[in-house]
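J.:
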Amino acid sequence: MAGRNPAIVVVGAGVAGLAAAKKLKEYGFNDVTVLEASERVGGRVATASLGNACVDTGAEYIHGASEENPVYCLLKKSGLLNQIPEMGEEAFYSNKGHKVDANFARYAYGAGESIIRYRGSNTGKSLGEHYAEKTQGMIDSLQEDNDKRTRMQSIFALVGKDMLIDVGASDLHRISLDSWQYYINMGDSLNIAGFMFQLVDKLLEDFPKDRLLLKREVSKIKWDGSFCVAPPHDELLLSAHTESPSEEKLCQYPVCIVCENGEEIVADHVIVTISLGCLKAHASSLFIPSLPTEKMEAIDKLCFGNIAKIFLEYEEAFWESDVGTISLIYEDDTPASVSTNKMQWLKNMQYFSVLRPKERLMLYQTTVTFSVIIIKNNK
C-alpha cells in the first residue's frame with residue numbers, strides 16, 4: 413500500500429454508509445467506493461407519494477438531537493433545522509371521548525418516562541417488570557383519590573405502549589433492565605418528517621457519482637488475503653488478463669469483495685454498514701474467513717424489532733388547527749397490561765401525529781405484530 417492512496421470500499425448506501433464515505437472524503441481519502449444492493453440510496457430513509465403529498469415511509473426521527481450527534485450537526489450546518497415546521501400542541505383524549513387535561517397528562521407522562529430512564533445494575537429484571545412494579549407503587553400512593561389513580565395508571569400504560577414503538581419491541585418484558593441502562597440518548601428526539609431525505613442528499617454532496625455503485629449485492633467479503641491487480645486501478649475492478657504481469661508490477665490488496673453479478677472489487681479496507689437483519693441472515697457465509705467468535709455471538713444475540721407506519725388521509729381535518737399530536741388514553745389500561753396481545757390491537761392505536769404542512773394527513777405507528785392484524789381486518 414506504500415506510495416498509493418488506500419482503496420476503501422463501503423458496503424451499504426444507507427445513512428451510516430454514506431456518512432462514512434463523506435467523512436473519509438473530508439479527511440482526504442479519495443479512493444472510496446460505495447456498494448449498494450438495491451436500486452436506491454438511503455436505506456431506512458425512504459419516501460412515497462400519498463395523493464398530492466410526499467411522506468416518509470421510513471425513518472423520520474433524529475434520536476439524540478445535540479451537538480454530540482454528527483447527523484444533527486450536519487442538519488444544523490446545512491440550515492435544514494430552520495425549515496422544520498412547529499409540531500403543534502399535544503391533545504389527550506380518553507376512550508370515552510373526554511378531553512384529558514394536558515397539564516396533568518404531561519405531568520403523569522413525565523413521571524412514567526423518569527421510571528423508564530432508570531439507571532441501575534444486577535437486578536435480573538426486565539424493563540416491563542420494573543416499569544409495572546414502580547408505576548404501581550406511585551399509583552398506590554394515591555389511595556384516597558380514585559379518579560386520579562385511574563387517570564394516572566392509564567397514562568402510565570400509554571407511556572409503556574409508546575415505549576414499544578420507540579424501541580421497536582414486541583414486549584417490554586423481553587428487554588433486559590440491566591442492559592437498558594447502557595442506551596444513552598445524547599439529547600431529545602427530533603422529528604424531521606418531510607426533511608429526512610434531504611439529509612441523504614446532503615451526505616451525497618460532492619461524492620463522485622461513478623463511485624456510488626447501485627444494484628451491487630455483495631455475496632462474499634474476503635478480508636484477510638492477498639489479491640494482486642495490475643495497474644492501472646482506477647475502477648478497482650479485477651481485470652481478466654491474457655498474460656499475467658510480472659510480480660513487481662502487481663498491486664496487492666488484503667480485501668476482495670465479490671458481487672452477485674460477478675464483479676470483484678479489491679481494497680485495502682472495507683467498511684460494512686448493512687443492517688443487523690442482513691448480518692443475521694448472511695454473516696456466516698458472507699465473510700471469508702469467518703468473523704471472530706465474539707462478533708458472531710454479538711450478531712446472534714442482539715435482537716431488533718420492527719415498526720410499521722400507517723398513514724390516514726381525510727377529506728378535511730376533524731381536529732383543531734393547532735393540534736400536532738393526539739394520544740388516546742384507555743381508562744381500564746394498567747402498566748402491567750401493556751403487551752402486544754393480538755386481541756388488544758385496537759388499544760394499541762394510541763398515538764397519532766398530524767403531518768405538517770399536509771394537515772389532512774395523520775400518521776400512526778405500530779409494531780409489526782399489530783400492523784399485520786390491522787391489514788387483515790381491513791381486508
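Numbered by our numbering, the letters in the sequence shown go through residues 413 to 791 in order. Yeah, the Cβ is synthetic: ideal placement off N, Cα and C, and Gly gets one too.
Exposed or buried, I686, counting other C-beta atoms within 10 Å across all chains shown (16 or more means buried)?
T.: Per the 10 Å Cβ criterion, buried.
J.: Can you check DSSP and say which residues form a bridge with V667?
T.: For V667, which the question treats as bridged, DSSP gives the partners A679.
J.: Under the three-state reduction of DSSP, which class applies to M598: helix, strand or coil?
T.: Note: M598 maps to coil in three-state DSSP.
J.: Just to confirm my understanding: we take Y792, look at its own chain, exclude 5 residues before and 5 after, and list those with CB closer than 8 Å. What are they?
T.: Within the shown structure, residues of the chain are numbered from 413 to 791, placing residue 792 beyond reach of any answer.
J.: Report the start-end ranges of each alpha helix (DSSP H) in the segment 565–620 that is 4 residues or longer and not cut off at the edges.
T.: Runs found: 589–592 and 608–616.
J.: Suppose you measure from the CA of V678 to the CA of N603; what does that come to, to the nearest Å?
T.: So the two alpha carbons sit approximately 40 Å from each other.
J.: Under the rule that 16 or more other beta-carbon atoms within 10 Å means buried, what is P497, buried or exposed?
T.: P497 comes out exposed.
J.: In this structure, how does DSSP classify E706 when only helix, strand and coil are distinguished?
T.: Note: E706 maps to helix in three-state DSSP.
J.: Three or more C-beta pairs under 8 Å: does that hold for the segment 594–603 against the segment 624–638?
T.: Touching, no.
J.: What does DSSP give as the partner residues of Q555 in its beta bridges?
T.: Per DSSP, none; premise fails for Q555.
J.: With distances taken between CB atoms, is the gap from G429 to V446 smaller than 8 Å?
T.: Yes.
J.: Please state the DSSP three-state secondary structure of G454.
T.: Three-state DSSP puts G454 in a strand.
J.: Classify L649: buried if its beta carbon has 16 or more other beta carbons within 10 angstroms, exposed otherwise.
T.: Annotation note: pLDDT 49 at L649 (below 50); position unreliable, coordinate value reported separately. Label assigned to L649: exposed.
J.: Compare the beta carbon distance of V612 and V453 with 8 Å and say whether it is the shorter of the two.
T.: Taking 8 Å as the Cβ cut-off, V612 and V453 qualify as a contacting pair.
J.: Where S553 and G599 are concerned, what is the direct C-alpha to C-alpha distance, given to the nearest angstrom?
T.: When rounded, the distance between both Cα atoms is 31 Å.
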